[in-house]
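Per this note's numbering, residue 9 is the first one in the sequence shown, and the count goes up by one each step.
Just so it is clear, CB atoms sit at the ideal spot from N, CA and C, and this is done for glycine as well.
Here is the structure we will look at.
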Amino acid sequence: MRLRCLFLVLVALLSGGVQQVRAQKICAHRGFWKCEEAGNAQNSIASLRLAQENGFWGSEFDVHLTADDVVVVNHDPSLNGISIRKHTYRRLLKTKLPNGERIPTLGEYLKQGAQSSCMLVLEIKPQKTVHKTLKLAKACVEELRRHQLLDPSRVMFISFSFEACCWIAEELPGFGNQYLEGDKDPETVHAAGINGIDYEYGVFHKHPDWVERAHALGMEVNVWTVDNEREMKYLSELGVDVITTNRPLLLRKVLGE
Ligand code: MG
9 MRLRCLFLVL VALLSGGVQQ VRAQKICAHR GFWKCEEAGN AQNSIASLRL AQENGFWGSE
69 FDVHLTADDV VVVNHDPSLN GISIRKHTYR RLLKTKLPNG ERIPTLGEYL KQGAQSSCML
129 VLEIKPQKTV HKTLKLAKAC VEELRRHQLL DPSRVMFISF SFEACCWIAE ELPGFGNQYL
189 EGDKDPETVH AAGINGIDYE YGVFHKHPDW VERAHALGME VNVWTVDNER EMKYLSELGV
249 DVITTNRPLL LRKVLGE
């Protein structure tokens, strides 16, 4: 009897003491940004292809609207100093990405995106007005539909625009939809119908309890952009769901994959 009690105490101690660690998903930032070292360019079709070939769970990229309302893939609001929102798509074609590619339209990017099961993590960049940002969000949804990628297992949305996240929550409630700014706690984001948060390392370092609080609400937790081993380990132990990184090969090693 005494032995049985001792055994039960030991089991209780062990199960309480061993932290449940979630399996983290690896998301390559801006296509697979560090592929620049191999002569590619961030947010280029070549960088997405490289992320797909490396078998990462997901690949993140950014979209903007040109002056003539073409959705293009680029991180910055300008390309080689030329403002995307102030110029037509035709004008933008006169300048090239560092790897010689022209700036991809979302349609061109999605053609490559359809080539593998790598999750397309689409960042809706805030435009000059909320009206323009929502116009961009709607244009993205149309383009995804055209490419038969409007599927929650193939695409998810992230944005610094709370309005864009609220719009996605309303229009596409079954899709991954994460808010990036880091200024709101999980309960506030959840109350707006948004089903995930994607905050930077410093936010979770300051509020480690936000991960558990978000999970308790059934939300997914993503973190950007984590490039060093110490932060990768910390977040892995904290139990975030997705780690977005410029160094997905290092992250794969840290996670023991
Ligand atoms: Mg981005």
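With DSSP as the reference, label Phe165 as helix, strand or coil.
strand
Mind checking whether the beta-carbon of His72 lies closer than 7 Å to any heavy atom of the ligand MG?
Exclusion of His72 from the 7 Å shell around the ligand MG follows from its C-beta lying no nearer than that to any non-hydrogen atom of the ligand.
Measuring alpha carbon to alpha carbon, tell me which residue in Glu237, Asn254 and Trp232 is nearest Tyr207.
Trp232
For Leu73, which of helix, strand or coil comes out of DSSP?
Strand.
Check: Arg38 C-beta below 7 Å from any heavy atom of the ligand PLP:
No copy of the ligand PLP appears in this structure; the ligands present are the ligand MG.
Does the count of Cβ pairs from the segment 208-224 and the segment 171-182 closer than 8 Å reach three?
no
Under 8 Å by Cβ, that's how I've got Asn48 and Asn88 pegged, so tell me the actual separation to the nearest angstrom.
Asn48 to Asn88, Cβ: 16 Å. No contact.
Would you list the one or two residues that DSSP bridges to Arg110?
DSSP, once it has assigned bridges, lists Lys104 as partnering Arg110.
Say yes only if the C-beta of Val189 is nearer than 7 Å to one or more non-hydrogen atoms of the ligand MG, and no if none qualify.
Checking the sequence, you will find Glu at residue 189 rather than Val. Taking non-hydrogen atoms of the ligand MG into account, the C-beta of Glu189 is found less than 7 Å away from none of them.
C-alpha distance - Gln27 paired with Pro85, whole-angstrom precision
Because the pLDDT of Gln27 is 47, which lies under 50, any placement of that residue in the model is unreliable, and the question is left without a value.
Mapping the DSSP letters down to three states, classify Asp217 as helix, strand or coil.
In the three-state DSSP reduction, Asp217 falls in the helix class (H, G or I).
Local Cβ density within 10 Å of Pro268, reported as buried at 16 or more and exposed below that:
The structure shown does not extend to residue 268, since the chain spans only 9 to 265, so no value can be given for it.
Those runs of the beta strand (DSSP E) which lie wholly inside the segment 169-205 and span at least 3 residues
185-187
I'd like to check one pair, Leu243 with Val234: are the Cβ atoms closer than 8 Å?
yes
Let me know if His139 comes out buried or exposed under the rule of 16 or more other beta-carbons within 10 Å of its beta-carbon.
exposed
Distance, Ala172 Cα to Ala145 Cα
7 Å
Can you tell me whether DSSP reads Leu158 as helix, strand or coil?
DSSP places Leu158 in the coil class of the three-state scheme, outside both helix and strand.
Which two residues bound the contiguous beta strand (DSSP E) that contains Met240?
Unbroken run through Met240 is the alpha helix (DSSP H), Glu237 to Leu246; no beta strand (DSSP E).
Counting only runs of 3+ residues fully inside the segment 120-154, write out the beta strand (DSSP E) ranges in chain order.
127-132
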